[in-house]
Amino acid sequence: MSGLLNHCILQIVLDTPLHAVFDYRWPCAAAERPQVGQLALVPFGRREVAGLIVGVADSSDVPEDKLKDALAVRSQLSPLSPQWLALAGFAADYYQRPLGEVALPGLPKNTRLPTTVALDRALKKLAKLDTAHDGTPLNVPALNPAQQQAADAIGGAQGYLPTLLHGVTGSGKTEVYLQACAQVLAREPDGQILILVPEINLTPQLEGNIRARFPGVMLATLHSSLSEGERMLHWLAAHQGRARIVLGTRLAILASLPALKLIVIDEEHDPSYKQQEGLRYSARDLAVWRARQLDIPIVLGSATPSLESWQHAQSGRYRLLTLRERAVQNAVLPRISLLDMERDKPQDGLTSALVAALRLRMERGEQSLLFLNRRGYAPVICCEACGWISNCHRCTAYMVLHRPEHRLRCHHCSLEMRIPRHCPDCGNVDLQPLGRGTQRVEEGLQQLFPDARILRIDADSTRRKGSAQAAFDSVHRGEVDILIGTQMVAKGHDFKNLTLVGILNPDTALFSQDYRASERLFAQLMQVAGRAGRAGQSAGGSVSEVLIQTRYPQHPLYGSVVRHDYDNFATALLEERQQAALPPFLYQALLRAEAPELATAVEFLTQARDLLAHPDVTLHDPIPMSMTRVHNVDRAQLLLEAASRPLLQAFLKEWLHLLRTVKTRVKWSLEVDPVDI
Numbered sequence: 295m296s297g298l299l300n301h302c303i304l305q306i307v308l309d310t311p312l313h314a315v316f317d318y319r320w321p322c323a324a325a326e327r328p329q330v331g332q333l334a335l336v337p338f339g340r341r342e343v344a345g346l347i348v349g350v351a352d353s354s355d356v357p358e359d360k361l362k363d364a365l366a367v368r369s370q371l372s373p374l375s376p377q378w379l380a381l382a383g384f385a386a387d388y389y390q391r392p393l394g395e396v397a398l399p400g401l402p403k404n405t406r407l408p409t410t411v412a413l414d415r416a417l418k419k420l421a422k423l424d425t426a427h428d429g430t431p432l433n434v435p436a437l438n439p440a441q442q443q444a445a446d447a448i449g450g451a452q453g454y455l456p457t458l459l460h461g462v463t464g465s466g467k468t469e470v471y472l473q474a475c476a477q478v479l480a481r482e483p484d485g486q487i488l489i490l491v492p493e494i495n496l497t498p499q500l501e502g503n504i505r506a507r508f509p510g511v512m513l514a515t516l517h518s519s520l521s522e523g524e525r526m527l528h529w530l531a532a533h534q535g536r537a538r539i540v541l542g543t544r545l546a547i548l549a550s551l552p553a554l555k556l557i558v559i560d561e562e563h564d565p566s567y568k569q570q571e572g573l574r575y576s577a578r579d580l581a582v583w584r585a586r587q588l589d590i591p592i593v594l595g596s597a598t599p600s601l602e603s604w605q606h607a608q609s610g611r612y613r614l615l616t617l618r619e620r621a622v623q624n625a626v627l628p629r630i631s632l633l634d635m636e637r638d639k640p641q642d643g644l645t646s647a648l649v650a651a652l653r654l655r656m657e658r659g660e661q662s663l664l665f666l667n668r669r670g671y672a673p674v675i676c677c678e679a680c681g682w683i684s685n686c687h688r689c690t691a692y693m694v695l696h697r698p699e700h701r702l703r704c705h706h707c708s709l710e711m712r713i714p715r716h717c718p719d720c721g722n723v724d725l726q727p728l729g730r731g732t733q734r735v736e737e738g739l740q741q742l743f744p745d746a747r748i749l750r751i752d753a754d755s756t757r758r759k760g761s762a763q764a765a766f767d768s769v770h771r772g773e774v775d776i777l778i779g780t781q782m783v784a785k786g787h788d789f790k791n792l793t794l795v796g797i798l799n800p801d802t803a804l805f806s807q808d809y810r811a812s813e814r815l816f817a818q819l820m821q822v823a824g825r826a827g828r829a830g831q832s833a834g835g836s837v838s839e840v841l842i843q844t845r846y847p848q849h850p851l852y853g854s855v856v857r858h859d860y861d862n863f864a865t866a867l868l869e870e871r872q873q874a875a876l877p878p879f880l881y882q883a884l885l886r887a888e889a890p891e892l893a894t895a896v897e898f899l900t901q902a903r904d905l906l907a908h909p910d911v912t913l914h915d916p917i918p919m920s921m922t923r924v925h926n927v928d929r930a931q932l933l934l935e936a937a938s939r940p941l942l943q944a945f946l947k948e949w950l951h952l953l954r955t956v957k958t959r960v961k962w963s964l965e966v967d968p969v970d971i
């Protein structure tokens with residue numbers, strides 16, 4: 295291979311479904327060899343794509359006449375660290391995906407473009423920014439004894455130590471995080487801290503708190519609402535170690551942080567930490583692995599911890615710190631009451647007791663929140679004459695009525711159409727909405743309280759960039775009397791003058807086929823209830839109140855909510871899970887298949903099930919997914935279960951190797967540790 299004497303071989307992974315490392319030739323002397331962790335531009339098929347260098351060798355097993363030349367090495371970008379490459383490698387291995395499919399999408403898009411114009415521009419802009427590293431905190435409030443103990447325990451931790459911070463809503467977990475961060479920044483002059491939140495709309499409030507507390511520290515934010523240029527700049531600040539605090543959503547767990555010293559996962563129970571497309575990773579689980587890899591502390595905070603984390607705390611794998619009281623003086627947990635809808639029949643979706651409570655808050659000048667996790671005007675419209683209902687033509691779902699826009703809209707495939715003037719089947723012009731969404735509740739409130747300042751916050755009202763934050767700001771300024779919202783308002787927001795929360799239509803989750811439904815409902819109810827009374831008693835001296843409308847007031851879940859009793863609820867639920875052999879006492883993977891016809895998907899899954907057998911791995915029969923058809927594609931799934939995580943992982947590797955040899959036009963994907971079954 296004389297032609298390679300003045301060349302080296304770059305071993306590169308690409309963002310493709312292929313489990314392969316590709317060899318490319320590159321001219322280099324010994325002192326100029328590219329480094330593992332650098333990006334390179336290479337030809338792939340008819341395209342020029344960026345790849346990640348995972349090895350540099352002197353020779354290749356590929357015949358010289360088949361080797362292609364790499365086009366460029368991105369030397370202006372410092373290499374990704376071995377620790378970061380190990381993180382990407384672990385994620386690829388655990389979630390059974392090619393390394394390139396994990397590593398490359400984890401980098402900003404502008405680093406992967408054929409041209410370096412955007413990268414060079416961002417590097418120049420970053421070089422001009424102030425590099426002050428003064429981590430001295432300002433305006434530090436006094437903590438109560440429980441908060442101080444927690445902050446010192448977290449901030450003073452050395453080495454890998456996972457801590458579950460279980461604090462009731464309003465207990466001041468955020469302040470504990472900030473004061474623990476101050477201790478780490480003081481001890482580690484060049485150290486970095488990663489703080490994760492589950493949703494984008496929670497970042498502005500926390501970002502403001504961090505900037506006010508640490509004005510001399512560079513803060514980077516990473517989430518999907520940033521423009522590509524913004525994401526590039528913030529990622530580079532983290533990659534170069536200049537951003538000492540990085541705040542982001544789940545994608546930030548894959549950020550390059552060469553000097554990471556502490557990880558904080560806020561609202562660690564939230565299912566939003568699990569990616570539901572592409573690489574279906576859990577940011578929370580990767581964060582725990584990353585903390586162990588780097589031998590650094592990690593804190594997971596929640597008022598309603600996930601059962602997985604709670605079990606770890608009970609078994610001693612995690613240290614448990616508890617905040618049982620609210621942080622603000624005179625602020626007590628709200629009184630939670632159940633409104634029996636069989637006795638107090640609702641009018642326009644609201645019981646008379648809830649209407650009276652809303653009116654009382656209006657008279658006092660206090661704010662109220664109505665929580666309904668269903669957007670739109672009504673879930674469906676129907677014809678009472680012949681029984682026609684507004685089904686989506688492309689999905690096994692209903693077309694939701696959005697009355698202000700005069701449209702029917704499918705929330706799964708985004709199909710839209712005008713509201714029909716008459717029934718498509720029988721011609722009846724009297725079509726009726728069934729059920730209630732946030733738009734319909736808003737309309738009813740406007741009629742009940744014509745002088746009230748009413749605001750609706752959901753995915754429809756906050757589509758424009760910045761509109762969600764503007765809406766929340768108006769609530770904080772006291773410009774809203776009654777707020778109506780979905781899960782967007784349920785957690786993380788600190789509304790000072792909000793003393794009443796009304797919860798509408800929570801009962802549907804009581805009868806879900808999803809075994810996690812009760813855990814999620816309890817968390818949702820406790821989180822939204824926690825928005826009330828965070829600033830102390832109202833001007834009238836009354837305790838804040840949460841009213842839950844239900845047809846099943848005797849249900850034990852509601853009893854636990856009324857008592858604010860997470861501990862016993864979680865203990866009982868863990869016992870049920872153990873008896874039923876369900877996670878966290880069992881480990882699962884889910885193979886999904888999509889095809890134009892359901893029978894084709896089921897046939898493929900049946901073939902997959904029969905490829906390999908293991909006495910300690912259960913492969914269930916293929917079944918249609920609960921939402922069987924989406925956008926004219928039928929979907930089915932195959933569930934795998936094992937009592938041991940290493941056993942399941944070993945089986946999956948062998949099984950998937952066989953599965954990839956099956957010739958099929960069915961689109962399939964595997965999810966490890968699925969959260970929706």
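295 is the number of the first residue of the sequence shown in this note's numbering; add one for each residue after it.
Ideal Cβ positions, reconstructed from N, Cα and C, are used throughout, including at glycine.
Predicted model only: the values in this text are computed from it and were never measured.
Assigned exposure category for Pro-321 - 16 Cβ within 10 Å defines buried
Around the Cβ of Pro-321, a 10 Å sphere holds fewer than 16 other Cβ atoms; the residue is exposed.
Residue from His-700, Leu-851, Leu-953, Thr-865 whose Cα sits closest to the Cα of Thr-900
With distances taken between CA atoms, Thr-900 lies nearest to Leu-953 out of His-700, Leu-851, Leu-953, Thr-865.
What residues in its chain sit with their C-beta under 6 Å from that of Asp-484, if we drop five residues either side in the sequence?
Ala-553
From Glu-869 to Gly-721, what does the alpha carbon distance come to, in whole angstroms?
54 Å
To which residues does DSSP link Tyr-318 through a beta bridge?
Leu-304, Lys-362
Please name the residue, chosen from Phe-665, Leu-666, Ala-651, that lies closest to Gly-659 on a Cα-to-Cα basis.
Ala-651
Would you call Gly-466 buried or exposed, if buried means 16 or more other Cβ atoms sit within 10 Å of its Cβ?
buried
In the structure shown, what three-state DSSP assignment does His-533 receive?
helix
Contained beta strand (DSSP E) runs [length at least 3] in the segment 630-679, N- to C-terminal order
Counting whole runs of 3 or more residues, the segment 630-679 contains the beta strand (DSSP E) stretches 661-665, 674-677.
In terms of alpha-carbon separation, which member of Phe-879, Leu-520, Ser-708 lies closest to Asn-685?
Ser-708
Hey, Gln-486 and Gly-535: beta-carbon distance below 8 Å or not?
yes
Report, in whole angstroms, the separation of the C-beta atoms of Ile-797 and Leu-728, which I expect to be a contact under 8 Å.
Actually they do not touch by this definition, with Cβ atoms about 21 Å apart.
Check whether Leu-867 and Ser-812 have beta carbons under 8 Å apart:
yes
Report yes if the C-beta distance between His-858 and Leu-627 is below 8 Å; otherwise report no.
Result yes, Cβ atoms of His-858 and Leu-627 sit closer than 8 Å.
Start-end ranges of the alpha helix (DSSP H) lying completely within the segment 461-547, minimum 4 residues:
467-481, 497-507, 522-533
In this structure, how does DSSP classify Leu-702 when only helix, strand and coil are distinguished?
strand
Assigned exposure category for Leu-404 - 16 Cβ within 10 Å defines buried
The residue asked about is misnamed: residue 404 is Asn in this sequence, not Leu. Buried: at least 16 other Cβ atoms inside 10 Å.
Could you spell out where the beta strand (DSSP E) holding Gly-349 opens and where it closes?
Per DSSP, the unbroken beta strand (DSSP E) holding Gly-349 starts and ends at 341-351.
State the CB to CB distance for the pair Ile-547 and Leu-580, rounded to an integer number of angstroms; the pair is presumed to be in contact (CB under 8 Å).
5 Å
Does the beta-carbon of Pro-492 have 16 or more other beta-carbons within 10 angstroms, so that it is buried, or is it exposed?
buried
Using the beta-carbon count (16 or more within 10 Å), is Val-343 buried or exposed?
buried
Count the other CB atoms within 10 Å of the CB of Ala-351; is the residue buried (16 or more) or exposed (fewer)?
Counting Cβ neighbours within 10 Å, Ala-351 comes out exposed, since fewer than 16 surround it.
Let's test the definition: count the other Cβ atoms within 10 Å of the Cβ of Gln-349 and tell me whether it reaches 16, buried, or not, exposed.
A small correction: the amino acid at residue 349 is Gly; Gln does not occupy that position in the sequence shown. Answer is exposed; the Cβ neighbour count stays below 16.
Among Ser-920, Glu-948, Tyr-454, whose alpha-carbon lies nearest the alpha-carbon of Ala-691?
Ser-920
Going by the CB atoms, is the gap between Thr-310 and Pro-392 shorter than 8 Å?
yes
Using three-state DSSP, classify Gln-605 as helix, strand or coil.
helix
To the nearest angstrom, report how far apart Ala-382 and Leu-551 are at their CA atoms.
13 Å
What did DSSP end up calling Thr-955 once you bin it into helix, strand or coil?
coil
Alpha helix (DSSP H) runs wholly inside the segment 360-414, at least 4 long, in chain order
Taking 4 residues as the shortest admissible run, the segment 360-414 contains the following complete alpha helix (DSSP H) segments, listed from N- to C-terminal end: 376-388, 393-397.
Spatially closest choice to Arg-669 from Glu-737, Arg-620, Leu-725, by CA coordinates
Glu-737
Any idea what DSSP makes of Arg-929, helix, strand or coil?
Look at Arg-929 here: in three-state DSSP terms it is strand.
Considering only C-alpha positions, which residue in the set Lys-947, Cys-717, Pro-847 is nearest to Gly-681?
Cys-717
Per DSSP, what kind of secondary structure is Asn-433 in: helix, strand or coil?
coil
CB-CB length for Gln-931 against Leu-884, believed under 8 Å
6 Å
The beta strand (DSSP E) that contains Gly-796, what's its start and end?
792-797
Hey, would you say Gly-345 sits closer than 8 Å to Val-356, going by beta carbons?
Judged by their CB atoms, Gly-345 and Val-356 are not nearer to each other than the 8 Å cut-off.
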